[in-house]
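Structure, as structure tokens:
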Ligand code: ASP
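In my numbering, the protein residues as written are 353 to 704.
Here you go:
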């Protein structure tokens, strides 16, 4: 292995036609030449499939010159403010106490900044609260009641986020929990959603500037106070302006164990395409899955998706199991594209 001193002495950087960037000086692996060699990108926005409306809004803003983070936050705000969307923001499914608790995080590639909020109540747009923490404090993450107080001081308006539809779903879930309690079962014909749901969105503009954001109401019926992967920088989303951006939806605990968004960006730094990077990240998720979550066929009882965009505008969505798509918008317009996947749908183990 070359030491840094040897590396400088060999003039390897000059041979590669590269200026020695700050990454190399700090000892952090420098972006490899294939990434630095492409200064301009095709603008593109990728998201989980529930971001189909949002990717179009974000893309249009980006090509009109809006900052990538402002544009993708405008994109996810559509779902956060939609009371019919039970996976994020207003109308999100609540925790086991019937309280909606939201998580979000964002990263701004050009300025190397991040913001995050966990377990936030009463504010419909946690993505904007995460950005306010990034913009107005020297911290990265605020949580719980103090995050709520911060948001209100920043001008956000508190409101009841539990819509009647989500409250009814919570009551159904609660009434069927225990056959021996005093809650009467009702609506036996109504299927209760045991749902996860989140929106992740990542974008690059024509300058190769990147941003990422993830926002969620987390797992439905979660233990109060539970924080998932979405507000964890490096898990729910990650962005490095020299390389690419990535984010995730699905079982947050599995993603946190893998630092999945960070890993995905690191794989791209090593030269993998976004498609290869999401697949390799999911292989790592499987390798770190505890045995109680594995089926007899060695396949996990877990749903997880990753979305990635490289600095030069390549992109991919990936899923552990065949089936899900992801939203993308570029000069071809908004569409849902199929995710690459590790396992066929028929390999998904049945719960015993
Ligand atoms: N990742 C989210 C969480 O674990 C849930 C989801 O994406 O469905 O909180």
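We put the CB at the ideal spot given by N, CA and C, even for glycine.
Checklist entry - Helix, strand or coil for residue 567 per DSSP? => result Locating residue 567 in the chain shown gives position 215, where the first residue counts as 1. Residue 567 falls in the strand class under three-state DSSP.
Checklist entry - Just to confirm, does residue 498 get its C-beta within under 6 Å of one of the non-hydrogen atoms of the ligand ASP? => result Sequence index remark: in the chain shown, residue 498 carries index 146 (1-based). The answer is no for residue 498.
Next on the checklist: According to DSSP, simplified to helix, strand and coil, what is residue 486?
Outcome noted: Translated into positions along the chain shown, residue 486 becomes position 134. Looking at residue 486 - three-state DSSP - the assignment turns out to be helix.
Item to check | Cβ separation of residue 579 and residue 595, assumed to be a contact under 8 Å, to the nearest whole Å | outcome: As a position in the chain shown, residue 579 is number 227, starting the count at 1. As a position in the chain shown, residue 595 is number 243, starting the count at 1. The Cβ separation is near 26 Å, so there is no contact.
Next on the checklist: What would DSSP say about residue 425, mapped onto helix, strand or coil?
Outcome noted: Here the question's residue 425 lines up with position 73 in the chain shown. Residue state, collapsed to three classes: helix.
Checklist entry - Considering only C-alpha positions, which residue in the set 684, 480, 447 and 558 is nearest to residue 525? => result As a working note, residue 525 is residue 173 in the chain shown. The shortest Cα separation from residue 525 among 684, 480, 447 and 558 belongs to 447.
Checklist entry - Between 396, 675 and 449, which lies nearest to residue 423 when the distance is taken from Cα to Cα? => result Position 71 of the chain shown holds residue 423. Of the candidates 396, 675 and 449, the one whose C-alpha sits nearest the C-alpha of residue 423 is 396.
Checklist entry - Are the CB atoms of residue 504 and residue 428 nearer to each other than 7 Å? => result Looking up residue 504 in the chain shown gives position 152. Looking up residue 428 in the chain shown gives position 76. Cβ atoms of residue 504 and residue 428: not closer than 7 Å.
Checklist entry - If you check the beta carbons only, do residue 466 and residue 585 fall under 7 Å apart? => result Residue numbering aside, residue 466 sits at position 114 when the chain shown is read from its first letter. Residue numbering aside, residue 585 sits at position 233 when the chain shown is read from its first letter. Result yes, Cβ atoms of residue 466 and residue 585 sit closer than 7 Å.
Next on the checklist: Buried or exposed for residue 389, going by 16 or more other Cβ atoms inside 10 Å?
Outcome noted: Numbered from its first residue, the chain shown carries residue 389 at position 37. The pLDDT assigned to residue 389 is 49, lower than 50, so where the model puts this residue is not dependable; a value taken from the coordinates is nonetheless given after this. It counts as exposed.
Item to check | Extent of the continuous beta strand (DSSP E) to which residue 670 belongs | outcome: The sequence position of residue 670 within the chain shown is 318, counting from 1. Unbroken beta strand (DSSP E) run through residue 670: 667 to 673.
Next on the checklist: Rounding to the nearest angstrom, what Cα-Cα distance links residue 597 and residue 515 in this structure?
Outcome noted: Reading the chain shown from its first residue, position 245 is the one you call residue 597. Reading the chain shown from its first residue, position 163 is the one you call residue 515. Approximately 33 Å between the Cα atoms of the pair.
Item to check | According to DSSP, residues forming a beta bridge with residue 458 | outcome: Locating residue 458 in the chain shown gives position 106, where the first residue counts as 1. DSSP output for residue 458 lists 467 and 565 as bridge partner(s).
Item to check | Nearest-angstrom Cβ-Cβ length linking residue 457 and residue 589, presumed shorter than 8 Å | outcome: The count along the chain shown starts at 1 and reaches residue 457 at position 105. The count along the chain shown starts at 1 and reaches residue 589 at position 237. Residue 457 to residue 589, Cβ: 6 Å. Contact.
Item to check | Residues surrounding the ligand ASP [beta-carbon distance to nearest heavy atom under 7 Å] | outcome: 439, 455, 548, 549, 550, 568, 570, 571, 580, 581, 582, 588, 600, 601, 602, 603, 604, 605 and 607
Next on the checklist: Give me the residue from 690, 671 and 673 with the minimum Cα distance to residue 679.
Outcome noted: By 1-based counting over the chain shown, the position of residue 679 is 327. Considering only alpha carbons, the answer is 690.
Checklist entry - Alpha carbon to alpha carbon, how far is residue 683 from residue 408? => result In the chain shown, residue 683 corresponds to position 331, counting from 1. In the chain shown, residue 408 corresponds to position 56, counting from 1. Between residue 683 and residue 408, the C-alpha separation is close to 10 Å.
Checklist entry - By Cβ distance below 6 Å, which residues in the same chain neighbour residue 665 in space, the five residues on each side in sequence not counted? => result The residue labelled residue 665 in the question sits at position 313 within the chain shown. Excluding residues within five positions, the ones whose Cβ falls inside 6 Å are 393, 394, 396 and 556.
Checklist entry - Would the beta-carbon of residue 674 fall within 7 Å of that of residue 697? => result In the chain shown, residue 674 corresponds to position 322, counting from 1. In the chain shown, residue 697 corresponds to position 345, counting from 1. It is a contact, given that the beta carbons lie within the stated cut-off.
Checklist entry - From the DSSP output, which residues share a beta bridge with residue 689? => result By 1-based counting over the chain shown, the position of residue 689 is 337. The partner list for residue 689 (beta bridge, DSSP) reads 678.
Checklist entry - Taking the C-alpha atoms as reference points, what is the distance between residue 373 and residue 615? => result Taking the chain shown and counting its residues from 1, one reaches residue 373 at position 21. Taking the chain shown and counting its residues from 1, one reaches residue 615 at position 263. With a pLDDT of 38 at residue 373, under the threshold of 50, the predicted position of this residue should be treated as unreliable, and no value is reported.
Next on the checklist: Taking the beta carbon of residue 531 as the centre, do at least 16 other beta carbons fall within 10 Å, making it buried, or is it exposed?
Outcome noted: Here residue 531 is taken as the residue at index 179 of the chain shown, counted from 1. The residue in question, residue 531, is exposed, as its Cβ has fewer than 16 Cβ neighbours within 10 Å.
Next on the checklist: Using a Cβ-Cβ cutoff of less than 7 Å, which residues in the same chain neighbour residue 699 once the five nearest sequence positions on both sides are dropped?
Outcome noted: Within the chain shown, residue 699 is the residue found at index 347, counting from 1. Only 649 and 651 meet the Cβ criterion.
Next on the checklist: Taking DSSP's pairing of strands, which residues face residue 656 in a bridge?
Outcome noted: Numbered from 1 along the chain shown, position 304 holds the residue referred to as residue 656. DSSP output for residue 656 lists 602 as bridge partner(s).
Next on the checklist: Whole angstroms are fine: how far does the CA of residue 523 sit from the CA of residue 535?
Outcome noted: Counted from its first residue, the chain shown places residue 535 at position 183. Counted from its first residue, the chain shown places residue 523 at position 171. Distance between the alpha carbons of residue 535 and residue 523: 9 Å.
Item to check | Backbone secondary structure at residue 591 - three-state DSSP | outcome: Translated into the one-based positions of the chain shown, residue 591 becomes position 239. Residue state, collapsed to three classes: strand.
Item to check | residue 555 in three-state terms, based on DSSP | outcome: Translated into the one-based positions of the chain shown, residue 555 becomes position 203. Strand at residue 555.
Item to check | Of the listed residues 627, 626, 633 and 624, nearest to residue 608 (C-alpha basis) | outcome: Within the chain shown, the letter at position 256 stands for residue 608. If we check each option's Cα against that of residue 608, 633 comes out closest.
Next on the checklist: Within the continuous alpha helix (DSSP H) that includes residue 527, where are the two ends?
Outcome noted: Counted from its first residue, the chain shown places residue 527 at position 175. Start and end: 516 to 527.
Next on the checklist: Report the CB separation of residue 510 from residue 485 in whole angstroms; it is logged as a contact under 8 Å.
Outcome noted: The sequence position of residue 510 within the chain shown is 158, counting from 1. The sequence position of residue 485 within the chain shown is 133, counting from 1. About 17 Å separates the two Cβ atoms, so there is no contact after all.
Item to check | Endpoints, the beta strand (DSSP E) within which residue 705 is located | outcome: For the chain, the structure presents residues 353 to 704; residue 705 sits outside this window and is missing.
Checklist entry - Taking the alpha-carbon positions, what's the residue 403 to residue 431 distance? => result Counting from 1 along the chain shown, the entry for residue 403 is found at position 51. Counting from 1 along the chain shown, the entry for residue 431 is found at position 79. Looking at the two C-alpha atoms, the distance is approximately 7 Å.
Item to check | Cβ shell of residue 627 (< 6 Å), same chain only, five flanking positions each side left out | outcome: In the chain shown, the residue the question calls residue 627 occupies position 275. 668 and 692.
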